[in-house]
Each structure stands twice: as C-alpha cells, then as structure tokens.
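J.: Order-wise, the sequence lines are chains A and B. The numbering of the first sequence is the working numbering, which starts it at 415 and goes up by one. The numbering of the second sequence is the working numbering, which starts it at 23 and goes up by one. No residue lacks a Cβ here, since even glycine has one placed at the ideal position from N, Cα and C. Computed from a prediction, not measured in an experiment: that's the story for all the values here.
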Amino acid sequence: MTPPQRRRRQPRPQPSASPPAPGAPPPEGEKKNPERLYVIGGGDADGERAELDLVTLIVARADDPPASATPEQAAVLRLCSAPLSVAELSAYLNLPFSVVTVLLTELLTTGLVHARAPIVRQKVADRSLLEAVMHGLQRL
Amino acid sequence: MDFKDSDRIPGPRTEDRLPHTAEAAVKIVIVGGFGVGKTTMVGSVSEIRPLTTEETMTQAGIGVDDDFGSASKTATTVAMDFGRISITDELVLYLFGTPGQERFWFLWNGLFEGALGAVVLVDTRRLEVSFDVMGRLEERGVPFVVAVNSFPDAPRYPLPELRTALDLPEEVPILECDVRRRASSRDVLMTLMRFLHALALTGAPV
Ligand SMILES: Nc1nc2c(ncn2[C@@H]2O[C@H](COP(=O)(O)OP(=O)(O)OP(=O)(O)O)[C@@H](O)[C@H]2O)c(=O)[nH]1
Ligand SMILES: [Mg+2]
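1. Find the nearest neighbour of valine 534 (chain A) within the set B:Val164, B:Arg35, B:Ala137, B:Ile70, judged by alpha-carbon distance.
2. Considering only the alpha carbon of each residue, which of B:Gly59, B:Leu73, B:Glu69 lies closest to aspartate 103 (chain B)?
3. Please state if the CB of threonine 80 (chain B) and the CB of alanine 505 (chain A) are separated by a distance shorter than 7 Å.
4. For proline 41 (chain B), is the classification buried or exposed, using 16 other Cβ atoms within 10 angstroms of its Cβ as the cut-off for buried?
5. Less than 6 Å between the CB of aspartate 200 (chain B) and some heavy atom of ligand 1, yes or no?
6. Mind pulling the alpha helix (DSSP H) runs of 4 or more residues that sit fully within the stretch 39–90 of chain B?
7. Use the C-beta contact count for phenylalanine 511 (chain A): other C-beta atoms within 10 angstroms, 16 or more gives buried, fewer gives exposed.
8. Taking a cut-off of 7 Å, which residues have a beta-carbon closer than that to any heavy atom of ligand 2, in chain order?
9. In the DSSP assignment, the alpha helix (DSSP H) including threonine 523 (chain A) goes from what residue to what residue?
10. Can the beta-carbon of leucine 522 (chain A) be found less than 7 Å from the beta-carbon of methionine 212 (chain B)?
11. Let's see if you can read the secondary structure: which residues bound the alpha helix (DSSP H) around valine 155 (chain B)?
12. For the beta strand (DSSP E) containing tyrosine 179 (chain B), list its first residue and its last residue.
13. Using a 10 Å radius around the Cβ and a threshold of 16 neighbouring Cβ atoms, would you call proline 448 (chain A) buried or exposed?
14. Mind listing the chain A neighbours of arginine 202 (chain B)? Cutoff is C-beta to C-beta under 7 Å, in chain order.
15. Classify serine 430 (chain A) as buried or exposed, calling it buried when 16 or more other Cβ atoms lie within 10 Å of its own Cβ.
16. Please state if the CB of glycine 55 (chain B) and the CB of valine 114 (chain B) are separated by a distance shorter than 7 Å.
17. Indicate whether at least one CB of chain A lies closer than 7 Å to the CB of phenylalanine 153 (chain B).
18. So is serine 207 (chain B) buried or exposed if we call it buried at 16+ other beta carbons inside 10 Å?
19. Would you give the residue range spanned by the alpha helix (DSSP H) that phenylalanine 217 (chain B) belongs to?
20. Contact check, isoleucine 196 (chain B) vs valine 168 (chain B) under 8 Å by CB: the rounded distance?
21. Within the chosen definition, does the stretch 174–194 of chain B reach the stretch 42–61 of chain B through at least 3 CB pairs nearer than 8 Å?
22. First and last residue of the alpha helix (DSSP H) that includes serine 542 (chain A)?
23. Do you know offhand how far valine 473 (chain A)'s Cα is from alanine 140 (chain B)'s?
24. With distance defined between alpha-carbon atoms, name the residue in A:Ala539, A:Glu465, A:Cys494 nearest to isoleucine 31 (chain B).
25. With 16 as the cutoff for other CB atoms within 10 Å, does alanine 476 (chain A) come out buried or exposed?
26. Residues in its own chain within less than 7 Å of alanine 489 (chain A) by CB, not counting five upstream and five downstream?
27. Find the nearest neighbour of glutamine 424 (chain A) within the set B:Leu218, B:Thr224, B:Leu214, B:Asp189, judged by alpha-carbon distance.
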C-alpha cells in the first residue's frame, strides 16, 4: 500500500529563490480564497486597536485598579499583576481574542497596562535565541 | 462572565504566574487535521494546564454560502488550545494547536505571523488533510517539521516513503512521535529548533 501523493500548487521553489517575506502580498491565486471573506471579531468593534499579538505580555502598571476602572478593566488589571499573555487573558476571561485586544487598547491608551512585545521570526533567525529555547526544552 | 465581581474571575494559579522578569515570548504553531493529536501534544509539554483562546469570525455572505442572497452573516468560532514553557526567567515559549482546515487559515495568517516555526502533525490514516496546510506554510516561508503521530490502527509507511508522498525537500525533518509522551513531543520540538538553527547557520532566509 502506498500513501496518497501530495501535489503542489506551485513547483517546489529552487533553493536560491527566497520565499515571500511574512507580510508580503499573497502569491497569485490566493486572493480568491474563501477564507478572505471572513472578518475577524464580528466587524463592529472596528475602532483603533493596538498591535497586539497572542503572546504579547501584558503587565498592570499599578497594584490596584483605579476606582474609575470598569469591571472588565478591573478584571484585566487584576489578572495582569504579573505578566500574562493576551492569549491567557482571553482564556481566563473567556472572551474572544479580538474583544480582549479592544479592552487592552483602552488600558494601553490610559497607561494602566504595559505591553511587552513578542520576539518574532526574523528573516535570518537569531541563533542565540534558538539556542536558549533548545536549552529550555532540554530541561523539560 | 460576571465582571461585576471581577475578584472572582479565576486567574492563573499562583504557581502558574510568570515572574516579573518575563520580558518577551516566542511562539510555535502545531497544526494538523481534526483529531490528529494537537491538544494532546500541547498538554504533554506544557507547564500549565492547557488553555483555550477563541476567535469569532463573521462570514461576509458574498455568495459563498448557499444563503441565496440573504444578508445574514454566519459567525464561526475557532478555538485554539495553547500551552506554555518557561525557557528562562526572561523568555517564555507558547505552543498553539490550531486546526488545519482551509477556512481557518485566514485567522492564523493574521495571528500567527511571527511564529518561530511550525509542527505539522500528520495521521497516516488521513495524510491528505495536511497537504494544503503544508503548501500554505511553504508559501509564507514559515519553516516546519513533519511529525507523524502513530496511532495503533494507522497504516505504517517507512519515513522515506512518506517524505516522497509529502514531496518534502531533503532538508525538512520528518519523524515519528507519540504525542501522549512528553519526551516524544519534546523531541519533535527539539527537531524543529535544530532545523531552525541549521537554517540560521546557512543564512537561508526562512
Ligand atoms: N494511540 C494514540 N492515540 C492518540 C495519540 N495522540 C492522540 N491520541 C488520542 O487521539 C484523540 C485525539 O487527540 P487530540 O489531542 O484531542 O487531537 P486534536 O488534534 O487536538 O483534535 P481536534 O482538536 O478535535 O482537532 C485523543 O483521544 C487522544 O488521546 C497517539 O499518539 N496515539
Ligand atoms: Mg484539539
């Protein structure tokens, strides 16, 4: 018995040809894809949103929420007394990611929380970062 | 959720709180078809009980559905399981398990930008469900390794045969694993990291 054979939509890229950088316009043929018709977050909460990643770490800047904080804001501020990722916030608050980013945008604007940006994949990876991750995994 | 009583919202257990020194996070994506073992893998290596984050998408009904022109929008919720591994006091690794179905890609194209790399989990009973996602990762230049989760009743193929079937370039690692075992899941992640490291050494743009 043989396994089913995968067929590429495009020929395998030559080793010299660099793949498109993240954020580059999608190659031809992708624009028609049906998932493009999905709008994240339901479309209503379209205000300004901070650039937040699932793994941006959020930390409250004060120990206690100010009296003016809404209940939702107070909940976020309590959870973030120690650094917590946006994904974890979403999980503990039981709110979709996009809703959490709206909440956090307000808190960032008013300076009640601080955001620590993630380390993202680089064109040429940072070897010391990769080595640190390997050491961490080895200890598991 | 009752935010009026925000004291009661269960947050991380004391032992699950990150130290204040945690400066930055990195992420790895585990992608695969339905029931392939994504959640099991996240759970077997995570230091916290796996958590779930959700995203809601509204489908702008432009004749894609057989809605016959109705203006109604269909909401879709996609859940992602994730776990966490503290690498150092400053660095945290997050692992996200995400469905491989085509209509969810838009979601993770936006949210998973910047992942160090990906693990494509495959089940030899349904190898073809992973074909498209591998193409997507290649098009976006996201480096990945292929991990074959071996279920007892699954057909077994020699790895070279699977490599050919998946049309994997020689340098892309493929290995067998049992994601229920922490050591096995860790080996998969280590294989990915070594691969990324090798790419960095050759200076190859990834
Ligand atoms: N025998 C065996 N069973 C496994 C293995 N990995 C996962 N399972 C079982 O397969 C089932 C599905 O695993 P999950 O981890 O839930 O898979 P998933 O990819 O998260 O599934 P969905 O989120 O539903 O797409 C569970 O009952 C697991 O216990 C494996 O390596 N061997
Ligand atoms: Mg799952």
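T.: Let me spell this out:
1. Between valine 534 (chain A) and the set B:Val164, B:Arg35, B:Ala137, B:Ile70, the nearest pair of CA atoms involves B:Ala137.
2. With distances taken between Cα atoms, aspartate 103 (chain B) lies closest to B:Leu73.
3. No.
4. Flag for proline 41 (chain B) reads exposed.
5. Correct: aspartate 200 (chain B) has its Cβ closer than 6 Å to ligand 1.
6. Within the stretch 39–90 of chain B, the complete alpha helix (DSSP H) runs of at least 4 residues are 60–67.
7. Classification for phenylalanine 511 (chain A): buried.
8. The set, ordered by position in the chain, is B:Lys60, B:Thr61, B:Asp103, B:Gly119.
9. Membership of threonine 523 (chain A) in the alpha helix (DSSP H) is indicated by the continuous run 511–523.
10. Going by C-beta atoms, leucine 522 (chain A) is not nearer than 7 Å to methionine 212 (chain B).
11. 153–161 is the extent of the alpha helix (DSSP H) around valine 155 (chain B).
12. First-last for tyrosine 179 (chain B): undefined, no H or E at that position.
13. For proline 448 (chain A), the predicted structure reports a pLDDT of 41, less than 50, and the residue's modelled location is therefore unreliable. A value from the coordinates is still provided. It counts as exposed.
14. For a Cβ distance threshold of 7 Å, nothing in chain A lies close to arginine 202 (chain B): the least Cβ distance comes to about 15 Å.
15. Caution is warranted here: a pLDDT of 47 is assigned to serine 430 (chain A), below 50, making its placement in the model unreliable, and the coordinate value is therefore given only provisionally. Under this definition serine 430 (chain A) is an exposed residue.
16. Cβ distance not < 7 Å, so valine 114 (chain B) and glycine 55 (chain B) don't count as in contact.
17. Under the Cβ distance rule, phenylalanine 153 (chain B) counts among the residues neighbouring chain A, one pair being separated by less than 7 Å.
18. Its Cβ being crowded by 16 or more others within 10 Å, serine 207 (chain B) is buried.
19. Phenylalanine 217 (chain B) -> alpha helix (DSSP H) spans 204–223.
20. Contact between isoleucine 196 (chain B) and valine 168 (chain B) is confirmed by a C-beta separation of about 4 Å, below the 8 Å threshold.
21. No, the stretch 174–194 of chain B is not in contact with the stretch 42–61 of chain B.
22. 541–552 is the span of the alpha helix (DSSP H), which, as asked, contains serine 542 (chain A).
23. Roughly 28 Å between the two C-alpha positions.
24. Answer by Cα proximity: A:Cys494.
25. Taking all protein chains in view, the Cβ of alanine 476 (chain A) is surrounded by fewer than 16 other Cβ atoms within 10 Å, so the residue is classified as exposed.
26. So the qualifying residues of the chain are Leu507.
27. For the residues B:Leu218, B:Thr224, B:Leu214, B:Asp189, the minimum Cα distance to glutamine 424 (chain A) belongs to B:Asp189.
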